[in-house]
Amino acid sequence: MLLTHAAGDDFPQLCRLYQQVSQKMREEGCHQWLWGNYPNEGLVRHDLDRQVLYVVRREEEILCAVAVDTEFEDAYAGVNWLYGVRPGTFHRLAISPDAQGQGLGRRVVTEVIDLLREMGCDSLRCDTFIDNPRALHLYQSMGMRRSGEVYYPGEGDGKAYPTLEMPLTADCPLLPLRMHPAWRCGALTPWGGTVLKEMYGKDFPEVPAGESLEVSCIPGLSSTDDTGVPLNELVASCGADFAGKYAGKPFPLLLKLIDAAQSLSVQVHPDDGYAYQQEDGKQGKTEAWLILDAPEGAELVYGLVPGVTKQQLEDACHQGAAVEKLLRRVKVRAGDVCYIPAGCVHAIGPGITLYEIQQSSDVTYRFYDWDRVDVAGNRRELHLDKALDVSDLTFAARPIAAPDAPCARVLETPFFTLDVLAGPERVQLPPVKDFALLTVLSGEGVLSWQGGSLTLPMGATVYLPAKCPEVWLSGHGQAAVARP
5 MLLTHAAGDD FPQLCRLYQQ VSQKMREEGC HQWLWGNYPN EGLVRHDLDR QVLYVVRREE
65 EILCAVAVDT EFEDAYAGVN WLYGVRPGTF HRLAISPDAQ GQGLGRRVVT EVIDLLREMG
125 CDSLRCDTFI DNPRALHLYQ SMGMRRSGEV YYPGEGDGKA YPTLEMPLTA DCPLLPLRMH
185 PAWRCGALTP WGGTVLKEMY GKDFPEVPAG ESLEVSCIPG LSSTDDTGVP LNELVASCGA
245 DFAGKYAGKP FPLLLKLIDA AQSLSVQVHP DDGYAYQQED GKQGKTEAWL ILDAPEGAEL
305 VYGLVPGVTK QQLEDACHQG AAVEKLLRRV KVRAGDVCYI PAGCVHAIGP GITLYEIQQS
365 SDVTYRFYDW DRVDVAGNRR ELHLDKALDV SDLTFAARPI AAPDAPCARV LETPFFTLDV
425 LAGPERVQLP PVKDFALLTV LSGEGVLSWQ GGSLTLPMGA TVYLPAKCPE VWLSGHGQAA
485 VARP
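Position in the sequence shown counted from 1, then plus 4, gives you this note's numbering.
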């Protein structure tokens with residue numbers, strides 16, 4: 005083994021090493037270190053006193069020094085780490101200029117990993133400077149993933165320090181991961197409004213803003229982690245530990261927040277069999293809505309009036325507005341849940357904001373768009389033949405009210421389940437099987453687990469991986485948890 009504990013009488017030589025490495029960095033244009041500021045004699049002495057400083061020697065000369073530790077910089081608390089509940093780290097890795105470029109860094113980091121395992125750590129967390137490409141390349145080539153970035157006041161000219169991590173054990177848990185949405189807005193959602201931007205803090209690039217795709221693997225519309233890695237890439241790289249039995253398969257769910265300032269098109273979705281045959285192997289779409297906000301007297305289109313025949317529906321569709329009298333309208337209010345199986349004719353009414361969980365599919369067949377035209381005078385495309393093929397003329401379900409309970413199952417379908425959690429009690433979430441998706445619908449939530457937590461504002465969504473540890477939710481408000 006190369007690494008051995010540093011001794012107290014190594015202090016002068018350690019200070020010279022850090023000074024030499026700091027000077028070489030700055031000569032090469034990397035302002036990561038400035039000896040006397042960071043690192044400094046006080047840090048070296050502190051590492052020696054705590055017995056966390058290790059060195060590589062060549063006879064009496066110290067070629068390398070590194071602090072191996074289980075204590076972290078305060079800035080690490082703001083990073084959404086993916087791996088581990090017993091993490092370890094290394095700081096201030098310095099290699100003598102005379103020993104650089106010979107592979108020593110890789111050998112030292114390998115031994116650091118072994119040391120951390122011996123210390124009982126299940127994961128490694130570290131950072132380096134954005135202008136230190138050699139360190140970044142080394143760490144990523146050894147299997148570390150970018151997890152975010154931190155900043156240290158007075159260091160690095162105010163530039164970012166990317167954070168990196170990796171699991172160290174086969175049973176290393178995977179932690180809740182904050183999701184960043186993709187958007188459908190502007191001309192794609194002419195019926196949208198401003199609620200998602202103003203009330204939920206969604207940073208839409210343009211308005212009207214109709215859909216925030218909180219968890220999505222739809223091509224071109226994938227949600228991401230804090231570093232911009234798309235969800236489909238996370239599933240591919242982390243495998244069954246992240247997505248359970250859905251690793252290597254099409255991702256099964258799509259989660260949205262929707263703001264309908266105007267009515268959406270009257271539409272219907274196919275089931276899996278029809279979509280597979282008619283839409284190049286795509287999934288069908290069964291979905292559910294949880295109403296977040298609705299004006300007094302708000303209505304949805306939720307099926308057809310009793311007794312409508314396929315011929316009557318077809319004739320009315322060809323006449324445009326005549327179809328309106330065949331639509332079954334139901335009143336809804338905040339807290340109502342609507343199950344929308346494939347084949348259910350439906351439309352969100354004006355003024356309604358809702359949470360939508362569905363199969364991961366973008367297949368929609370429009371019957372009618374209220375005779376609207378865009379600024380160029382064009383009407384939206386309709387899909388009458390396919391819509392008529394898949395419509396369930398007998399659908400007659402009613403909205404249900406979400407129970408007023410700390411944790412309640414409101415829907416259990418062949419494709420997903422939906423639970424609603426309500427504060428202020430601290431609630432332990434049921435164990436995660438394949439994955440789960442938690443969204444804070446109102447108020448603020450704190451998701452906590454052994455050794456970590458995430459504070460979640462209203463509208464935030466987190467992905468809970470298959471190997472997630474036990475998690476608890478606390479706070480005042482309401483959250484939804486969807487599972488495949």
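Every residue gets a Cβ at the ideal spot worked out from N, C-alpha and C, and that includes glycine.
- If one requires a minimum length of 3 residues, the beta strand (DSSP E) runs lying completely within the region 117-199 are 127-131, 149-154, 165-171 and 186-189, in chain order.
- Boundaries cannot be given for D375, as no alpha helix (DSSP H) includes it and DSSP labels it neither H nor E.
- No residue range can be given for Y204, since it is assigned to no alpha helix (DSSP H) and is classified by DSSP as neither H nor E.
- Contact annotation: S241 and L235 have beta-carbon atoms that are not nearer than 8 Å.
- The Cβ neighbour count for H273, taken over all protein chains shown within 10 Å, is at least 16; the residue is labelled buried.
- In this structure R487 touches F420 by the C-beta definition: roughly 6 Å separates them, less than 8 Å.
- Taken atom to atom, the span from the alpha-carbon of N84 to that of I352 is near 35 Å.
- Secondary-structure assignment with DSSP links G449 through a beta bridge to L460.
- For V312, there is no enclosing alpha helix (DSSP H), as DSSP marks it with neither H nor E.
- The Cβ-Cβ distance between Y143 and C130 falls below 8 Å.
- For G46, the enclosing alpha helix (DSSP H) begins and ends at E45 to R54.
- In this structure, the CA atom of W374 is about 13 Å from the CA atom of N382.
- Rounded to the nearest whole angstrom, the C-alpha separation of T74 and Y87 is 15 Å.
- Only buried fits T132, as 16 or more other CB atoms lie within 10 angstroms of its CB.
- In the three-state DSSP reduction, Q104 falls in the coil class, being neither helix nor strand.
- Within its own chain, the residues whose Cβ lies closer than 8 Å to the Cβ of H322, once the five positions on either side in sequence are excluded, are L388, listed in chain order.
- The beta-bridge partner set that DSSP reports for W293 consists of C342 and E360.
- Beta-bridge annotation (DSSP): T93 is paired with D73 and R129.
- Taking one beta carbon from each stretch, the region 394-411 and the region 193-213 have fewer than 3 pairs nearer than 8 Å; the two do not touch.
- Around D408, the same chain offers A426 as residues with beta carbons nearer than 8 Å, after the five sequence neighbours per side are excluded.
- With respect to F255, P469 sits apart: the two C-beta atoms are not nearer than 8 Å.
- With at least 16 other beta carbons inside 10 angstroms of its own, P43 counts as buried.
- Under the three-state reduction of DSSP, R384 is assigned to coil, being neither helix nor strand.
- When the beta-carbon positions are compared, A346 and D393 stay at least 8 Å from each other.
- Annotation: the continuous alpha helix (DSSP H) that includes S241 extends over L235 to C242.
- In this structure, the alpha-carbon of Y278 lies about 56 Å from that of R111.
- Of all C-beta pairs linking the region 477-486 to the region 179-188, fewer than three are shorter than 8 Å, placing the two stretches out of contact.
- Counted as a single uninterrupted DSSP element, the stretch harbouring K260 is not any alpha helix (DSSP H) but the beta strand (DSSP E) occupying residues L257 to A264.
- Sorting Q266, L308, Q271 and R90 by C-alpha distance to the C-alpha of P299 places Q266 at the top.
- A Cβ-Cβ distance of about 3 Å is found for the pair G248 and D438, placing them in contact under the 8 Å criterion.
- The residue among G355, D423, A391 and P410 with its C-alpha nearest the C-alpha of T198 is G355.
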